[in-house]
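**Student:** Below is the structure I would like to discuss, written out as structure tokens.
2 protein chains.
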Amino acid sequence: MNSPSVAVNRTYPFPKVVTTIEKPESHGSDSCRFSLSDLCDFLGISMPSSRKNSEFYFQHLQFKSGQKVFTTGQDFSSIYIVHSGFLKTSSISSSGGEQILCFPMKGDIMGVDGIHSKNYKSEVTALSDCNLISLPLKTLILLAREHSELEELMYRMISSELIREQEMIGIMGSQNAESRVAFFLVQLSDRFQLMGYSAKSFILRMSREEIGSYLGLSMETVSRSFSQFDRIGAINVRSRHVSINSKEVLEQLFKFPESKIGSTTKSRMLAK
Amino acid sequence: MNSPSVAVNRTYPFPKVVTTIEKPESHGSDSCRFSLSDLCDFLGISMPSSRKNSEFYFQHLQFKSGQKVFTTGQDFSSIYIVHSGFLKTSSISSSGGEQILCFPMKGDIMGVDGIHSKNYKSEVTALSDCNLISLPLKTLILLAREHSELEELMYRMISSELIREQEMIGIMGSQNAESRVAFFLVQLSDRFQLMGYSAKSFILRMSREEIGSYLGLSMETVSRSFSQFDRIGAINVRSRHVSINSKEVLEQLFKFPESKIGSTTKSRMLAK
DNA sequence: CGAGAGGTTGAATAAAGTCAACAAACGTGG
DNA sequence: CCACGTTTGTTGACTTTATTCAACCTCTCG
């Protein structure tokens, strides 16, 4: 609970931001400590009655754009919650390629895959300056025992991650390129709305290549889909600036198609 | 804790097995009740010290091939552990198609996606006669509080599910058809070995179509890949009977390829 | 203002999906 | 136990889709 963001930064230096690493003391001390009451507040749950007056602190870490929060194989101890900012989580495939798994933002949980074998299976990189809350699993479990609301929320957040991944598998398994890109835009728009930002107009924090990896497509295909959506008037894209003119059209594009069914299968379905 | 498998069966009848549903009492009572000590034994953990002499039972449910364990949208209360048998979990996509998510077998956990909003997001169907242990979440949480080994195992099992799904996303996002099919075979072989069955020769419990859905491929493509592997001598396939001649070759097929990188990306990687 | 990273677009290619026809396996009842 | 209908799996020919490659554009930021 001492020397806040330094420890993390030092372990996984990132070229671009080396110069900014050595002055974490510039954060006010209250920007590095996050009380239990702050946490409960942030998560929208009540304070545990048993700790109403306890001074209990979590680490509140700051990351610059480009820095890694943790990397594949690193020893696990904490899960992280995004307080602000945008990130990407990725895993390295057997043949060395990067696979983007998700783009965490405010309220998202990260690092759960580290629980299983006590080392992270994925890595997380900040796509913008970020504030994260570090929740050591041991602490969390102890707190959960005396605060069932927190306990339930933990399980629900993890379950929700699982559902998100299931949805992703479904999309990758059955949707064509345009439909995937439409899904991405709708998902992002919904997310921004939930965070209180504009659902109609936003800036992409990730590159076309990262979007492609996330969706299982090549960068060129993502770019072409964007251009196509722009052409039909559903959106306006100008490099990373996106505005959505018709979410309905995007939703149609997302829900309608469905390739890869196999025609034998299809005709047999109709046969009944 | 009464009328064991009936309750589940009655709620989700499956045409094919209707005749076998009405006699669940034929199971001996000890085949329907599964003590805490049995559970700990099965999971490979010690008994909680606080309950060394407690008579505590879980439901031990039997399902016939084809029956559904739970369906999408159904109220959540329990997670399930596979004691024996083979199953499939699937979700229905927005356009009505079935997406297979995994093929649970001995030791696997099912239903975690139900925690988030108190109703299951996927559905589970038995592919063979099965024995499942029903673990009501409430009970499990209470037990976990007084038995940290169980608590840790719970978290680890869920985390492991998340990792499995991440791997699946990686494969769907970046591997070609043959490589996916090779992965499927290797995974299955490993799994059988772990359960003490032959890793070299086994019977597929699922159809080509189900494999295709699982891997994001059409049935025809799966069939062609099988034939191809047979042709090069890596395996022998005869309908659902598979024997593996060279796991090494399959592993190569799985690890090597990697399409969908995008050539622009590729040349830029080399440029550095 | 210039270099380099990031993004777009067209043309060619490869990969997987589609359609169709057939074959093998299964199981049900005569 | 065999015959027949149904379901499941295989294979070839063709089409569609997305990737690949290459050239060019455009932002950004140092």
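Order-wise, the sequence lines are chains W and V. Note that my numbering has the first sequence beginning at 833, numbered continuously upward. Note that my numbering has the second sequence beginning at 833, numbered continuously upward. Here a beta-carbon is modelled for each residue, glycine too, at the ideal position from N, C-alpha and C. Predicted, not measured: the structure shown is a model, and the values here were computed from it.
Could you check which residue in V:LEU964, V:PHE1058, V:LEU1036 has the C-alpha nearest to that of V:GLN894?
**Tutor:** It is V:LEU964.
**Student:** Along the segment 898-928 of chain V, what residues have a CB closer than 7 angstroms to any CB found in chain W?
**Tutor:** If the cut-off is 7 angstroms between Cβ atoms, the segment 898-928 of chain V has SER923, SER925, SER926, SER927 near chain W.
**Student:** Give the single residue among W:LYS970, W:ASP940, W:GLU983, W:ALA1014 whose Cα lies nearest to the Cα of W:ILE947.
**Tutor:** For the residues W:LYS970, W:ASP940, W:GLU983, W:ALA1014, the minimum Cα distance to W:ILE947 belongs to W:LYS970.
**Student:** In the DSSP assignment, what residue or residues form a beta bridge with W:ASP907?
**Tutor:** Per DSSP, W:ASN951.
**Student:** Tell me which residues share the same chain as V:ARG1072 and place their Cβ nearer than 7 angstroms to its Cβ, disregarding the 5 neighbours each side in the sequence.
**Tutor:** Around V:ARG1072: ILE1035, LEU1036.
**Student:** In this structure, does DSSP put W:MET879 in helix, strand or coil?
**Tutor:** Coil, per DSSP.
**Student:** Using a Cβ cut-off of 7 angstroms (strictly closer), state whether W:ARG988 contacts chain V.
**Tutor:** At least one chain V Cβ lies under 7 angstroms of W:ARG988.
**Student:** In terms of residue numbering, what span does the beta strand (DSSP E) encompassing W:ARG988 cover?
**Tutor:** No beta strand (DSSP E) holds W:ARG988; the alpha helix (DSSP H) holding it covers 980-1006.
**Student:** Do W:ILE1067 and W:ILE1076 have their beta-carbon atoms positioned less than 7 angstroms apart in this structure?
**Tutor:** The answer is yes: Cβ separation under 7 angstroms.
**Student:** Along chain V, which residues have their Cβ under 9 angstroms away from the Cβ of W:THR957?
**Tutor:** Going along chain V, no residue has its Cβ under 9 angstroms from W:THR957, so there is no contact; the nearest lies around 16 angstroms.
**Student:** If you drop the 5 nearest sequence neighbours on each side, which residues of the same chain put their C-beta closer than 6 angstroms to that of V:TYR1046?
**Tutor:** So the qualifying residues of the chain are ILE932.
**Student:** Mind checking whether the beta-carbon of V:LYS920 lies closer than 6 angstroms to any heavy atom of the ligand NAD?
**Tutor:** Of ligands this structure carries none, so the ligand NAD is not represented either.
**Student:** Assign W:ARG1070 to one of two classes, buried (16 or more other C-beta atoms within 10 Å of its C-beta) or exposed (fewer than that).
**Tutor:** Exposed: under 16 other Cβ atoms inside 10 Å.
**Student:** By Cβ distance below 8 angstroms, which residues in the same chain neighbour W:LEU1017 in space, the five residues on each side in sequence not counted?
**Tutor:** Excluding residues within five positions, the ones whose Cβ falls inside 8 angstroms are PHE1061, ILE1067, VAL1074, ILE1076, LEU1082.
**Student:** Interface residues of chain W around V:GLU983 at Cβ under 8 angstroms?
**Tutor:** Going along chain W in sequence order, the residues near V:GLU983 (Cβ under 8 angstroms) are ILE973.
**Student:** Determine which residues share a DSSP beta bridge with W:CYS934 and list them.
**Tutor:** Its beta-bridge partners are W:THR921.
**Student:** In whole angstroms, give me the CA-to-CA distance for W:SER1021 and V:PHE935.
**Tutor:** Spanning the two alpha carbons is a distance of roughly 34 angstroms.
**Student:** Would you mind reading off the limits of the alpha helix (DSSP H) that contains V:PHE1024?
**Tutor:** Per DSSP, V:PHE1024 belongs to the alpha helix (DSSP H) from 1009-1026.
**Student:** Quick one, are the C-beta atoms of V:PHE902 and V:LYS950 less than 7 angstroms apart?
**Tutor:** Result no, Cβ atoms of V:PHE902 and V:LYS950 do not sit closer than 7 angstroms.
**Student:** Suppose contacts are defined by Cβ-Cβ distances below 7 angstroms. Is W:MET942 in contact with W:TYR912 by that definition?
**Tutor:** Closer than 7 angstroms, so yes.
**Student:** Indicate whether at least one CB of chain W lies closer than 7 angstroms to the CB of V:GLU997.
**Tutor:** Taking Cβ atoms only, chain W reaches closer than 7 angstroms to V:GLU997, which makes this a yes.
**Student:** Per DSSP, which one or two residues make a beta bridge with W:LEU893?
**Tutor:** W:LEU964, per the DSSP bridge assignment.
**Student:** State whether the segment 1046-1057 of chain W contacts the segment 1005-1015 of chain W, with contact taken as three or more CB pairs (one from each stretch) at a distance under 8 angstroms.
**Tutor:** Segments in contact, yes.
**Student:** When Cβ atoms are compared, which residues of the segment 999-1013 of chain W fall closer than 7 angstroms to chain V?
**Tutor:** If the cut-off is 7 angstroms between Cβ atoms, the segment 999-1013 of chain W has MET1000, ILE1001, GLY1002, MET1004, GLY1005, SER1006 near chain V.
**Student:** Applying the criterion that 16 or more other CB atoms from any shown protein chain within 10 Å of the CB defines a buried residue, is W:LEU920 buried or exposed?
**Tutor:** Per the sequence shown, residue 920 of chain W should be read as Lys rather than Leu. When all chains shown are included, W:LYS920 counts as buried.
**Student:** So W:ILE947 contacts chain V; which residues on that side make the cut at Cβ distance below 9 angstroms?
**Tutor:** The answer, in chain order, is GLU984, TYR987, ARG988, ILE990, SER991, SER992, LEU994.
**Student:** For V:SER897 versus V:ALA976, is the C-beta spacing smaller than 7 angstroms?
**Tutor:** Not in contact: V:SER897 and V:ALA976 (Cβ atoms no closer than 7 angstroms).
**Student:** Between the Cα of V:ASP873 and the Cα atoms of V:SER927, V:LEU982, V:LEU974, V:SER954, which residue gives the shortest distance?
**Tutor:** If we check each option's Cα against that of V:ASP873, V:LEU982 comes out closest.
**Student:** What number of angstroms, rounded off, separates the C-alpha of W:GLU828 from the C-alpha of V:ILE1003?
**Tutor:** For residue 828 of chain W there is no data in the structure shown, the boundaries of chain W being 833 and 1104.
**Student:** Suppose you measure from the CA of V:SER991 to the CA of W:VAL944; what does that come to, to the nearest Å?
**Tutor:** Each residue's alpha carbon lies about 6 angstroms from the other.
**Student:** Given a threshold of 16 other Cβ atoms within 10 Å of its Cβ, counted over all protein chains shown, does V:ARG1100 qualify as buried or as exposed?
**Tutor:** By the 10 Å Cβ count, V:ARG1100 comes out exposed.
**Student:** Can you find a CB in chain W that lies within less than 7 angstroms of the CB of V:LEU1036?
**Tutor:** Chain W contact via Cβ: absent.
**Student:** Report yes or no: is there a C-beta of chain W within less than 7 angstroms of the C-beta of V:LYS1032?
**Tutor:** Not an interface residue.
**Student:** Measuring only the C-alpha atoms, how far is W:TYR952 from W:VAL914?
**Tutor:** Approximately 17 angstroms between the Cα atoms of the pair.
**Student:** If you check the beta carbons only, do W:SER960 and W:PHE918 fall under 7 angstroms apart?
**Tutor:** Against a cut-off of 7 angstroms, the Cβ pair of W:PHE918 and W:SER960 comes out as a contact.
**Student:** Cα separation between V:GLN1019 and V:SER881?
**Tutor:** For V:GLN1019 and V:SER881, the distance between alpha carbons rounds to 37 angstroms.
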